[in-house]
Ligand code: ATP
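Numbering (the numbering used here), first residue to last: 216 to 714.
Here is the structure:
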């Protein structure tokens, strides 16, 4: 039964906490830095840290029960702003010396992930961390959390804050955007997901420009719908890739109720459990540092003062996970999650598409399924653009002599291949609409010399790749199937141990 003091000081939150493992209780005391204008100024934030930390620590220590003593001091080693980290680090070293207890150096982003796992009592969740400076998806494999996807430029929170700064709104911008988005309508903004990675700077610039032509409520609404759909897509890909059926959230942006609703809906559709911790554990706080610090202490993962320098660029995948059994990583075949349907049918569950295997008929049916969690116009646009891109790539590969599957359109039962490559698939509806002008699902008017793009067409369009077995098995091994069944058939409630 231990008592651990946590100290957080990576950016805006001068925070201290006391975690009691006997009671499973966490006391958190935070004093927030609020910039007078603009965003966070690192030296001003460090100055705030210097003034506020002694008081919050004193308040946290006042929660130590009579007759008990603190067992360790845990602090955020990084990532974060150098001046703030150094101040909080020095404070933590001084306190551990004064109390004569061990020092524990915690990775701040892993603390976001682990406090969610602790609160939900999950075994091996995927974690989506969405804060100001950081945006990434984590999952344990071996003795490390792996970064399965991350932003290639700014964190989603910083993108939102920069957008609101453009409007002259005070920091932080996220809650203000959430409020204004309630009355908004959708306007198209750029959606950038590349594989498992995300990019927010183009979205932020387009949102700024859109305020010249659209009501700010509409831009706020669309910014959220676009950014959060991107986050949900990458998270679903991570669930699919790992075969995990648990998701936890971390970071200040995760306080957003629209983001929580989208992810909850996505998990429910997949039969995965979802947990969004209380707001006080989502934004920066020392509670999560104390909780992970206690686990590290129990594993003997302490740090000598002379080796405890802070690490402003401390990525979560650089920290060895000492406090839990290594994940052998063999419980699933990476890349393919299969689900046994009630009728005995085996189905590959991807993130954006459902693939039905029919080896006897040498066929694979691939459907780019509609996602209810995202706005219908975002959904229609993505499925249309990606289907077109896939058709073009298949055709281009065929022109270069690469064996490609023959694409059939089921409504008319016609092979769409040609000697020059695959013709894009069309449905019977589309055939009728050829050569006409129409409105696309995204609201753009287009000349349909290619094929029609009504939502009905896209819902009913099926790609059937025939001869896949002959073509693919000749060139590469048959696709692997995981035998691991989905653990949760339906979404199940989480959070049985919320502090
Ligand atoms: P980290 O060090 O973990 O990267 P941080 O210093 O960015 O964290 P957090 O408290 O995790 O701090 O996150 C702050 C961000 O969260 C800010 O960008 C803020 O605009 C955003 N935010 C706060 N509340 C909301 C909300 N309701 N909706 C969207 N964004 C929000």
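Ideal Cβ placement from N, Cα and C applies to all residues, glycine included.
All values reported here derive from a predicted model rather than from experimental measurement.
Rounded separation between residue i and residue j - CA only
| i | j | result |
| --- | --- | --- |
| residue 209 | residue 230 | Here the chain comprises residues numbered 216 to 714, so residue 209 is not present and cannot be evaluated. |
| residue 487 | residue 337 | 11 Å |
| residue 618 | residue 610 | 10 Å |
| residue 632 | residue 568 | Low confidence applies here, because residue 632 scores a pLDDT of 33, under 50, leaving its location unreliable and the question unanswered by this model. |
| residue 260 | residue 269 | 15 Å |
| residue 328 | residue 343 | 8 Å |
| residue 349 | residue 281 | 39 Å |
| residue 225 | residue 527 | 8 Å |
| residue 334 | residue 503 | 10 Å |
| residue 480 | residue 606 | 30 Å |
| residue 578 | residue 572 | 7 Å |
| residue 227 | residue 428 | 34 Å |
| residue 496 | residue 608 | 45 Å |
| residue 483 | residue 392 | 26 Å |
| residue 320 | residue 517 | 7 Å |
| residue 299 | residue 453 | 32 Å |
| residue 295 | residue 464 | 19 Å |
| residue 305 | residue 520 | 10 Å |
| residue 395 | residue 384 | 12 Å |
| residue 256 | residue 584 | 45 Å |
Per-residue burial, residue i [other beta carbons within 10 Å of its own, 16 or more giving buried]
| i | result |
| --- | --- |
| residue 292 | buried |
| residue 233 | buried |
| residue 510 | buried |
| residue 525 | buried |
| residue 559 | exposed |
| residue 376 | buried |
| residue 216 | exposed |
| residue 440 | buried |
| residue 251 | exposed |
| residue 309 | exposed |
| residue 470 | buried |
| residue 620 | buried |
| residue 438 | buried |
| residue 616 | exposed |
| residue 287 | buried |
| residue 307 | buried |
First through last residue of the alpha helix (DSSP H) which encompasses residue i
| i | result |
| --- | --- |
| residue 271 | 257 to 276 |
| residue 511 | 501 to 513 |
| residue 583 | Run containing residue 583: none in the alpha helix (DSSP H); it sits in the beta strand (DSSP E), 578 to 583. |
| residue 302 | 297 to 314 |
| residue 404 | Note, residue 404: premise wrong, no alpha helix (DSSP H); not H, not E. |
| residue 599 | 591 to 614 |
| residue 376 | 371 to 381 |
| residue 330 | 323 to 335 |
| residue 450 | 431 to 457 |
| residue 392 | 389 to 396 |
| residue 495 | 494 to 497 |
Beta-carbon proximity of residue i to residue j, cut-off 8 Å
| i | j | result |
| --- | --- | --- |
| residue 372 | residue 468 | yes |
| residue 474 | residue 443 | yes |
| residue 223 | residue 499 | yes |
| residue 421 | residue 446 | no |
| residue 364 | residue 411 | yes |
| residue 289 | residue 331 | no |
| residue 534 | residue 325 | yes |
| residue 407 | residue 417 | yes |
| residue 219 | residue 508 | yes |
| residue 275 | residue 459 | no |
| residue 586 | residue 594 | yes |
| residue 254 | residue 381 | no |
| residue 360 | residue 235 | no |
| residue 455 | residue 565 | yes |
| residue 402 | residue 434 | yes |
| residue 485 | residue 451 | yes |
Counterpart residues of residue i in DSSP-defined beta bridges
| i | result |
| --- | --- |
| residue 466 | Its beta-bridge partners do not exist; DSSP assigns none. |
| residue 489 | 462 |
| residue 222 | 231, 290 |
| residue 530 | Answer by DSSP bridge pairing: none, since residue 530 is not bridged. |
| residue 362 | 353 |
| residue 246 | 229 |
| residue 412 | 409 |
| residue 318 | 288, 518 |
| residue 241 | 234 |
Residue i CB to nearest heavy atom of ligand 3 below 7 Å
| i | result |
| --- | --- |
| residue 470 | This structure does not include ligand 3; its bound ligands are ligand 1. |
Enclosing beta strand (DSSP E) for residue i [first to last residue]
| i | result |
| --- | --- |
| residue 571 | 568 to 573 |
| residue 341 | 341 to 345 |
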